[in-house]
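Below is one structure; the comments refer to it alone.
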Amino acid sequence: MSFNGYNLLAPYYQFLVKLVYGDLLFTAQTYYLKRLSSTDRHPKIILIIGGGTGQLLLFCLKKFPDARICCVELSEGMVKITKTKLNLNDTARIDFYIEDILTWSSSIKFDFVLIPFVLDLLIEKDRKHLLKIASKNLSASGKILVTDFRKGNGIFQSLLIGFMYWSFRILNATQNNSLPEYEALFASTQLSIEREKRFGKRLLNELVVSYELTPCNTK
Ligand SMILES: C[S@@+](CC[C@H](N)C(=O)[O-])C[C@H]1O[C@@H](n2cnc3c(N)ncnc32)[C@H](O)[C@@H]1O
Numbered sequence: 557m558s559f560n561g562y563n564l565l566a567p568y569y570q571f572l573v574k575l576v577y578g579d580l581l582f583t584a585q586t587y588y589l590k591r592l593s594s595t596d597r598h599p600k601i602i603l604i605i606g607g608g609t610g611q612l613l614l615f616c617l618k619k620f621p622d623a624r625i626c627c628v629e630l631s632e633g634m635v636k637i638t639k640t641k642l643n644l645n646d647t648a649r650i651d652f653y654i655e656d657i658l659t660w661s662s663s664i665k666f667d668f669v670l671i672p673f674v675l676d677l678l679i680e681k682d683r684k685h686l687l688k689i690a691s692k693n694l695s696a697s698g699k700i701l702v703t704d705f706r707k708g709n710g711i712f713q714s715l716l717i718g719f720m721y722w723s724f725r726i727l728n729a730t731q732n733n734s735l736p737e738y739e740a741l742f743a744s745t746q747l748s749i750e751r752e753k754r755f756g757k758r759l760l761n762e763l764v765v766s767y768e769l770t771p772c773n774t775k
């Protein structure tokens with residue numbers, strides 16, 4: 557798969573996200589991670605899939621100073637920008653893979669697999685494949701956190717999502733043009749929803765959703 561669009565978008569990506577959504581997407585991506593208390597078991601190793609320009613990575617580096625973080629990101633441009641935000645100590649704790657997650661393979665078991673705003677870009681078959689990879693690479697008590705857009709009710713939201721897919725298609729930054737049916741998708745990949753939280757107010761009411769998932773067979 558090649559989404560060349562993200563190399564083009566990379567220098568403007570964070571600015572555009574902030575302009576349209578403010579802090580909404582970041583708040584949603586970090587919601588469950590922020591709420592891990594000092595008595596909760598903190599992750600020792602985290603996988604971030606499609607981390608873009610590194611906002612979530614920077615958050616994880618700060619929140620989990622002992623963790624090693626592995627980033628699988630398709631776009632070289634995004635990784636280049638991420639690297640400009642890191643110091644030497646940070647870099648020593650990160651493994652970057654400029655690769656397609658759908659063909660990436662590893663035997664490492666992660667305590668968290670983070671999938672922020674990636675599922676919406678993929679066709680159904682690849683969404684399932686990505687979730688299977690996430691499950692396969694999960695430690696025994698590991699969790700998958702999926703954060704993404706959800707189908708809203710309002711006209712404004714439908715127009716916004718429609719515009720997003722339209723512009724991403726022009727930029728070759730998506731394969732799909734509709735959002736996942738999350739519950740069916742997770743059920744078909746044997747993932748159980750432990751927690752779900754919706755984000756967004758007023759015009760963006762509940763436009764974003766974050767799921768905490770575990771494989772069904774670990775119950
Ligand atoms: C919509 S952006 C989201 C970026 C970031 N997660 C955020 O919320 O700001 C999607 C990101 O996923 C990456 N991506 C898309 N498909 C991918 C794949 N198959 N493997 C790895 N990364 C992928 C893109 O290059 C892009 O950086």
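The sequence shown begins at 557 in the numbering used here and counts up by one.
Glycine included, C-beta positions come from ideal geometry on N, C-alpha and C.
Not one heavy atom of ligand 1 is found less than 7 angstroms from the C-beta of TYR767. VAL702 is positioned such that its CB atom lies closer than 8 angstroms to that of ILE671. Around the beta carbon of SER691, 16 or more other beta carbons lie within 10 angstroms, which makes this residue buried. Here the alpha carbon of LYS639 sits roughly 36 angstroms from the alpha carbon of CYS772. Residue pairing from DSSP leaves GLU739 without any beta-bridge partner. Partner residues in a beta bridge of ASP656, as assigned by DSSP, do not exist. By the criterion of a C-beta distance shorter than 6 angstroms, GLY561 is surrounded in its chain by LEU727, ASN728 and ALA729, once the five residues flanking it on both sides are discounted. Between ILE650 and the set THR745, LEU592, ILE602 and LYS636, the nearest pair of CA atoms involves ILE602. Beta-carbon to beta-carbon, PHE571 and GLN611 are separated by about 12 angstroms, too far to satisfy the 8 angstroms threshold.
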